[in-house]
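First comes the structure, then the notes that go with it.
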Amino acid sequence: MTDLMLFQLVGVFLFCVGIFGLVWRKTLVGMLIALELMINGAGLSIVAAAQLTAGDAVKGQLAALFVMGLAAAEATLILAIVLVVVKRFKSSKTDGIFNMRW
Amino acid sequence: MEILAKIAFSFYCLIIFTGSVMAVTSRSLVRALVGLIAVMIAVAGMYLLLAAPFIAFMQILIYIGGVSVLIFFAIMLSRAEGDEAGPVSFGRAVNALVSLLVPAVILSVIIIYHPVAALDAPLNVSPALLGKRMLGAYLLPFELISVVLFAAMAGAVLAAWRKRGQP
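Protein sequences appear in the order of chains A and B. Heads up: the first sequence begins at 1 in the working numbering, then just goes up one per residue. Heads up: the second sequence begins at 1001 in the working numbering, then just goes up one per residue.
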């Protein structure tokens, strides 16, 4: 088993636990936490592939940096969306959110 | 890997395992956030093992310094603490387990049975090289990411804005 394989398996573990949490959680904030786990797994996989294969290492590290920037932007937007949902529905539980508009 | 690197790797694996299980199953969202932060720190350690110190520091700066604070604000402002209590319905548990197992099996089989030609030691890339490439060939994505961040921040302010007189 090569080093690359070990790092990739850790990345897959994080990604799958993230998907599990995304389905398991009852609130939007819990889903956000699970989503961050998935993004971390993806980033680890990208950097491992960049550093441990013959491909372009700089390109891979830059891709990981872009993923981090997009994750920050996405977390900001999700915070705003959670605030709006809580204002309208008085709760961030996902079961009660059905109406798109009224 | 050298023996010390193996020890460090197993230590980070342990933190990642416990932290991610805590982040996903904890009844309290603040505890889940603590688990997430532990996972992020361990992933930063894995980046150091991969000889990518710049990415590791960015991970600590952006995720632990920025994103986790945002999530904490989300927990605080949505008053979601306690909403996670109570049993999870059977159907939801089955769905969650299936969505855990299907990608896990498919991806692990691909990784284990179709190995890629890998190097023994990670490549060493200096941050100066990263900066040169970022201002050279990848200037456009680098600028676009700042536009995306600005648009996200402006959109967040706009979405969460309360007009005067509104409750």
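All C-beta atoms, glycine included, are put in the ideal place defined by N, C-alpha and C. Remember, it's a predicted structure, so these values are computed and weren't measured experimentally.
By DSSP's assignment, T1018/B forms no beta bridge with any residue.
CA-to-CA, the gap between F1054/B and F1011/B works out to about 21 Å. In this structure the segment 1055-1064 of chain B lies against the segment 65-81 of chain A, because at least three pairs of beta carbons, one per stretch, are closer than 8 Å. In the DSSP secondary-structure assignment, K1006/B is not bridged to any residue. Bounds of the alpha helix (DSSP H) holding G41/A are 28-52.
Close partners of F1009/B in chain A (Cβ separation under 8 Å): L6. Residues of chain A whose Cβ lies closer than 8 Å to the Cβ of E1084/B are, in chain order, R25, K26, T27, G30. DSSP, reduced to helix, strand and coil, places K93/A within a strand of the structure shown.
If you check the CB distance, A64/A and V1067/B do not come in under 7 Å. Counting along the chain, S1078/B sits inside the alpha helix (DSSP H) bounded by residues 1068-1078. When Cβ-Cβ separations below 7 Å define contact, P1087/B makes no contact with chain A.
Residue burial is scored here from C-beta neighbours: P1122/B has at least 16 other C-beta atoms within 10 angstroms and is therefore classed as buried.
Shown here, D1083/B sits in coil according to DSSP, grouped into three states, outside any helix or strand. I19/A and M38/A have their C-alpha atoms spaced approximately 7 Å apart. Here L1123/B carries a coil assignment [DSSP, helix/strand/coil]. For I1041/B, the uninterrupted alpha helix (DSSP H) run begins and ends at 1029-1049, by DSSP.
The C-beta distance from D3/A to A1118/B rounds to 7 Å, short enough to fall under 8 Å. With 16 or more other Cβ atoms inside 10 Å of its own Cβ, N40/A counts as buried. Rounded to the nearest whole angstrom, the C-alpha separation of G96/A and F89/A is 8 Å.
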